[in-house]
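Numbering (the numbering used here), first residue to last: -6 to 422. Glycine residues also receive a C-beta, built at the ideal position from the N, C-alpha and C atoms. Predicted, not measured: the structure shown is a model, and the values here were computed from it. Single-structure report; data block below.
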């Protein structure tokens, strides 16, 4: 055994590989795995490139080769052009001198949103309310305004790129979200103090980390491309999910995307490739509806929210696509760590900055512990639901096989009748 070890060491020495070089190679491999994973090209993109004729016009080749970049570039160019025309017309450039801090912050927020696929409200609401001491009302309305532009652009990109979405989740979560927004704005918002809103939102976002942890822990679980065998109770669950998410959106400007993503992935075992674009569209529709309710029905959007919007639109519509490109090179665990850090920092900042009372501490602890228990229960329920789904799949498969067998027998019987008829006609002749 010792000779083998000495021989291997001699080979390493001959090859010029030292222990320092091995450590460097291991570090390089680790960095490449988590920070330079490389973009995952969609199957449709590969098929389009494969089927592209050699003599295709340059514009067709350009569209096919750069489709992933053209999709986000179209809405970004349109929104930036409209914003630029408005700013030139109104001569509002002085707003940047007054609110440049928010512009700088939104650079990082937009990159974070683009990389992780989570709406920027998760990050911008704690930053505005805790670090900048902006009122929760203004922070929420700004989040809604900026998401109405940014997520709508993302919704166009999803449609343009042809990403698969879950129509059941879109319909029922969106309808539930509308109801949750109305209840949140008209009933709950006026009764909640600013510290309560801050703690509720940061604790809610922190609890999402449990869902993300469970999702990464059971990475190799079986998934589906949509909610299987949709029925009344599943539609009800999606509606209630949207309703609760809409309430948190009414409080902090975001929440429906987190709720919908968590439920359809953990409970209904829908793949993240379908759940992520579905939650983006649901949140975009919810943001537009909240924008309408705050701007038209209540007519109570603060002026500062509009000012922040004007100085942040070009940053967001350009930063989010860039973030999505950066995120495509990062390992999923790195992106998950970003979310862990942001949500944890928001909760820690709440405890450090806001004057604590027994009610606030109890509220935060209750939301965090309740969220952990809730997501664990949802994961366990999803495992049981998966067994039921697989049993039903087997029944449907057996039923389909029986139908195919009956159809084959009928075709054979009809063929025999036709053949016997031809023989009878031939004998008569």
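Residue i - DSSP class collapsed to helix/strand/coil
i: residue 263; result: strand
i: residue 222; result: coil
i: residue 217; result: strand
i: residue 33; result: The predicted model places residue 33 with a pLDDT of 47, which falls under 50 and marks its position as unreliable; any figure quoted below should be read in that light. Coil at residue 33, not helix or strand.
i: residue 354; result: helix
i: residue 130; result: helix
i: residue 158; result: coil
i: residue 7; result: Note that residue 7 scores a pLDDT of 49, beneath 50, so its modelled location is shaky and nothing firm can be said.
i: residue 68; result: helix
i: residue 397; result: helix
i: residue 45; result: coil
i: residue 246; result: coil
i: residue 349; result: coil
i: residue 177; result: helix
i: residue 125; result: coil
i: residue 370; result: helix
i: residue 253; result: helix
i: residue 404; result: helix
Distance between residue j and residue i (C-alpha atoms, nearest Å)
i: residue 283; j: residue 72; result: 20 Å
i: residue 440; j: residue 49; result: Given that the chain is displayed from residue -6 to residue 422, the structure contains no residue 440 and the question cannot be resolved.
i: residue 33; j: residue 53; result: Only weak support is given to the placement of residue 33: the predicted model assigns it a pLDDT of 47, under 50, and the value that follows is read from those uncertain coordinates. Approximately 22 Å between the Cα atoms of the pair.
i: residue 311; j: residue 305; result: 10 Å
i: residue 279; j: residue 114; result: 13 Å
i: residue 361; j: residue 76; result: 40 Å
i: residue 132; j: residue 117; result: 8 Å
i: residue 345; j: residue 327; result: 26 Å
i: residue 91; j: residue 293; result: 22 Å
i: residue 259; j: residue 196; result: 20 Å
i: residue 7; j: residue 18; result: With a pLDDT of 49 at residue 7, under the threshold of 50, the modelled position of this residue cannot be trusted, and the question is left open.
i: residue 247; j: residue 134; result: 10 Å
i: residue 60; j: residue 354; result: 49 Å
i: residue 182; j: residue 44; result: 55 Å
i: residue 95; j: residue 313; result: 16 Å
i: residue 101; j: residue 143; result: 14 Å
i: residue 336; j: residue 67; result: 31 Å
i: residue 363; j: residue 399; result: 53 Å
i: residue 159; j: residue 348; result: 43 Å
i: residue 425; j: residue 396; result: Given that the chain is displayed from residue -6 to residue 422, the structure contains no residue 425 and the question cannot be resolved.
i: residue 392; j: residue 265; result: 30 Å
i: residue 31; j: residue 194; result: Bear in mind that the predicted position of residue 31 carries a pLDDT of just 49, short of 50, making it too unreliable to give a figure here.
i: residue 378; j: residue 239; result: 26 Å
Terminal residues of the alpha helix (DSSP H) in which residue i lies
i: residue 320; result: 296 to 320
i: residue 333; result: 325 to 346
i: residue 209; result: 187 to 210
i: residue 52; result: 51 to 58
i: residue 100; result: 87 to 109
i: residue 121; result: Counting along the chain, residue 121 falls outside any alpha helix (DSSP H), and DSSP gives it neither H nor E.
Candidates the options, of which the one nearest residue i by Cα
i: residue 120; options: 382, 268, 192, 260; result: 192
i: residue 299; options: 140, 115, 45, 66; result: 140
i: residue 339; options: 190, 236, 379; result: 190
i: residue 151; options: 332, 269, 391; result: 269
i: residue 303; options: 86, 280, 162; result: 86
i: residue 93; options: 307, 403, 313; result: 307
i: residue 290; options: 145, 148, 179; result: 179
i: residue 358; options: 292, 199, 264; result: 199
i: residue 319; options: 103, 44, 137, 347; result: 103
i: residue 243; options: 177, 380, 84; result: 177
i: residue 373; options: 272, 45, 262; result: 262
i: residue 138; options: 272, 295, 187, 149; result: 295
i: residue 315; options: 272, 51, 69, 18; result: 69
i: residue 186; options: 130, 44, 276, 246; result: 130
i: residue 204; options: 370, 378, 408; result: 370
i: residue 309; options: 188, 136, 265; result: 136
i: residue 245; options: 64, 222, 266, 173; result: 173
i: residue 277; options: 163, 80, 297; result: 163
i: residue 65; options: 97, 147, 56; result: 147
i: residue 325; options: 387, 188, 225, 212; result: 212
i: residue 145; options: 390, 397, 272, 367; result: 272
i: residue 384; options: 80, 222, 149, 241; result: 222
i: residue 351; options: 201, 188, 97; result: 188
i: residue 382; options: 99, 407, 220; result: 220
i: residue 274; options: 228, 51, 161; result: 161
i: residue 201; options: 251, 230, 390; result: 251
Residue i beta carbon near the ligand GDP (any heavy atom closer than 7 Å)
i: residue 127; result: This structure does not include the ligand GDP; it has no bound ligands of any sort.
Between the stretch 123 to 134 and the stretch 150 to 158, are three or more C-beta pairs nearer than 8 Å? no
Does the contact criterion of 3 or more C-beta pairs under 8 Å hold for the stretch 248 to 257 versus the stretch 196 to 212? yes
Spell out a yes or no on whether the stretch 226 to 236 and the stretch 166 to 174 are touching, meaning 3 or more CB-CB pairs, one atom from each, closer than 8 Å. yes
Contact the stretch 318 to 337 vs the stretch 95 to 111: 3+ CB pairs below 8 Å: yes
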